[in-house]
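Encoded as C-alpha cells, the structure appears first; notes follow it.
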Amino acid sequence: VECGISQIDELLGGGVERGSSTLVLGPAGTGKSTFVMQFLLAAVRRGEKAAAFVFDEELGLLFTRMKQMGIDLEVMRDGGDLHIEQLLSPGEFAHRVRARVDSAGAKTVVIDSINGYQASMPDEQSLILHMHELLQYLNRQGANTFLTVAQHGLVGDMKSPVDVTYLADTVMLLRYFEATGKVRRAVSVIKKRTGSHEDTIREYRIS
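As numbered in this note's numbering, residues 1149 to 1355 make up the sequence shown, in order.
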C-alpha cells in the first residue's frame, strides 16, 4: 500500500503491507497528521473506503488546514468515500472503529492521536490492552491502521507519554534538527516488521 509520494514510499521499502499498522511518532508540529492523511488520500484515490477518528483537533480546523494543502476532506466525506468523526469517549471508540470497518468495509483507518485517547483513559496498561486488541482485529480484517503519538519536547531527547511502538508493525519517526541557522524536519523508519525499509534519514518540507 503506497501513499503516492515516491520518496516516502521508497523510505518504507515500497510502502506498507496490507493489513498492517503504522505508528507515526514525533513532537508537536512535525506533521504527523499530515503524514497519515497522505495514506488516507491515496486510499480514496484507489477507490477504497477510509475512516478517520480524531481526538485532538476540531474537525472544522482540520478541514481548513488540510484544504490549504490541497486535501479536501469534506468532499471525500460528502462523496461517501471517507467517514470522519471526532471522539471524546474511549468507551465508544473501539466500538465505532469496528463498526465502520465491518459495515462500510473501510480499508484505511487513521487514529489521530493516541495522546487524546490516553487523556480519556489515564491507565496506561488499559490503553495498551485496548490498542493491542483493536490493532489485531483491524489487521485480521485486512485494514491498514495509521496512528499518531505526540512526543514531549521539541529538540534533543524526547519522551512519549505512552509506549505503543512495540504494538505497531511499522514505526516512522519525525523530528526537528537545526542546520544553517534554521529549524528543519527529518523523517526515518525505525522499524518495519513485515519487510525491508531504508535506514536513511530524509529531510522533508510541508508546503
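A virtual CB, placed ideally from N, CA and C, is assigned to each residue, including glycine.
Item, Value
"Check whether alanine 1191 and threonine 1256 have beta carbons under 8 Å apart", "yes"
"Of the residues Val1319, Gln1234, Val1245, Val1184, the one placed nearest glycine 1152, counting alpha carbons only", "Val1184"
"Under 8 Å between C-beta atoms of aspartate 1317 and arginine 1341", "yes"
"Residue range of the beta strand (DSSP E) that includes lysine 1339", "1330–1340"
"Cβ neighbour criterion (16 or more within 10 Å) applied to alanine 1176", "exposed"
"Leucine 1221 versus glutamate 1326: straight-line alpha-carbon distance, rounded", "33 Å"
"Residues near phenylalanine 1294 in its chain [Cβ-Cβ closer than 6 Å; skip 5 each side]", "Thr1170, Val1184, Phe1187, Val1258"
"Threonine 1208 versus glycine 1179: straight-line alpha-carbon distance, rounded", "Note that residue 1208 corresponds to glycine in the displayed sequence, not to threonine. Straight-line Cα distance between these residues: approximately 18 Å."
"Proximal residues to isoleucine 1338 (C-beta, below 7 Å), its chain only, five neighbours per side dropped", "Val1319, Leu1321"
"Helix, strand or coil at alanine 1252 [DSSP, three-state]", "helix"
"Per DSSP, cross-strand counterpart(s) of leucine 1171", "Leu1295, Val1319"
"Test item: CB-CB of glycine 1290 and glutamate 1165 under 8 Å", "no"
"Rounded Cβ spacing between asparagine 1163 and glutamate 1150 (contact assumed at less than 8 Å)", "First, the residue type needs correcting, since residue 1163 is glycine and not asparagine in the sequence shown. So it is a contact: roughly 4 Å between Cβ atoms."
"Rounded distance between the beta-carbons of glutamate 1346 and glutamate 1158, thought under 8 Å", "7 Å"
"Helix, strand or coil at glutamate 1205 according to DSSP, with G and I counted as helix", "coil"
"Valine 1331 versus tyrosine 1324: straight-line alpha-carbon distance, rounded", "7 Å"
"Beta-ladder partner(s) of valine 1312, from DSSP", "Answer is none; valine 1312 lacks a bridge partner."
"Backbone secondary structure at isoleucine 1259 - three-state DSSP", "strand"
"Coarse secondary structure for histidine 1300, derived from DSSP in three states", "strand"
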